[in-house]
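Its first residue numbered 2, the sequence shown is counted upward by one per residue in my numbering. Note that the Cβ used here is the ideal one computed from N, Cα and C, for glycine as well. Below is one structure, written out as structure tokens, with a few remarks after it.
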Amino acid sequence: MSKIDQLIENYTGHIAVPWADLASAQRVIFCVYNENEELRLRAKTEEFELATKAKNHGWALFDVTNSFAEWMATQKYANSYFKKPQLINTLLPKYITYLGEQFQVFVEEKQCNENTVVAISGIGSLFGFQKIKDLVDMLAPKVQGRLLVFFPGSFENNNYRLLDGYDGWNYLATPITADTDL
Numbered sequence: 002m003s004k005i006d007q008l009i010e011n012y013t014g015h016i017a018v019p020w021a022d023l024a025s026a027q028r029v030i031f032c033v034y035n036e037n038e039e040l041r042l043r044a045k046t047e048e049f050e051l052a053t054k055a056k057n058h059g060w061a062l063f064d065v066t067n068s069f070a071e072w073m074a075t076q077k078y079a080n081s082y083f084k085k086p087q088l089i090n091t092l093l094p095k096y097i098t099y100l101g102e103q104f105q106v107f108v109e110e111k112q113c114n115e116n117t118v119v120a121i122s123g124i125g126s127l128f129g130f131q132k133i134k135d136l137v138d139m140l141a142p143k144v145q146g147r148l149l150v151f152f153p154g155s156f157e158n159n160n161y162r163l164l165d166g167y168d169g170w171n172y173l174a175t176p177i178t179a180d181t182d183l
């Protein structure tokens, strides 16, 4: 069985457990996989959806892969920032606000409720722009059901590391890996 198939199986076992009323940070699930498996995971995202729906939960997928480029294209002085990329850091707080607003609109349009899994894919594209912990802290309260984060990186000793590139951080989310038997 491939690592991604094992991840799907472990996720299915977790999502089948009856849902308790939890704080927003405790309703977050991180599906952690090796960043080299990104294309395989994306090719099998529908299997996560099928597993979720088979357990009588709703599903909504929010992809942030192109969000920075889409947002940057709307900026009045985008060309100036491309000429002086060191200035982009001054815009990043506006970008995170944009992501939060887009996510809120998405959740409302999809009519997500306390029985819905809202999945986020493409967070590897935020590497260097945004700390995932800060993003999850902002988005989790907007989800009444479960927030599933497809996380390309590692989880060791209760620490998450995005793309194995930064020092990790500790988070309250439930980690699901291909190595974990639930």
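Asked, Found
"Beta carbon of valine 118 nearer than 8 Å to that of leucine 140", "no"
"Assigned secondary structure, glutamate 157 (DSSP; H/G/I helix, E/B strand, else coil)", "strand"
"Reference threonine 46; option with closest CA among Ala61, Lys56, Ile97", "Ala61"
"Span of the beta strand (DSSP E) around glycine 59", "59-64"
"Segment contact, 8 Å Cβ cut-off, at least three pairs: the stretch 60-77 with the stretch 99-115", "yes"
"Three-state class that DSSP yields for methionine 2 in the structure shown", "coil"
"Alanine 179 in three-state terms, based on DSSP", "coil"
"Meets three-Cβ-pair contact criterion under 8 Å: the stretch 80-88 and the stretch 7-21", "no"
"Cα-Cα separation, serine 184 to glutamate 71", "There is simply no residue 184 to check, as the chain begins at 2 and stops at 183 in what is shown."
"Whole-angstrom C-beta distance between isoleucine 9 and phenylalanine 69, which should lie under 8 Å", "Their Cβ separation, rounded to whole angstroms, is 28 Å, which puts phenylalanine 69 and isoleucine 9 out of contact at 8 Å."
"Start-end ranges of the beta strand (DSSP E) lying completely within the stretch 26-76, minimum 3 residues", "29-34, 59-64"
"Proline 176 and leucine 164 closer than 8 Å at C-beta", "no"
"Simplified DSSP assignment, three categories, for alanine 17", "coil"
"Element boundaries [beta strand (DSSP E), containing alanine 186]", "Coverage of the chain is limited to positions 2 through 183, which leaves residue 186 absent and any answer about it impossible."
"Nearest to alanine 44 (by Cα), restricted to the options Gly123, Lys143, Asp138, Leu136", "Gly123"
"Reference glycine 129; option with closest CA among Ala24, Tyr96, Phe31", "Tyr96"
"Residue burial classification, leucine 127 (beta-carbon count within 10 angstroms, cutoff 16)", "buried"
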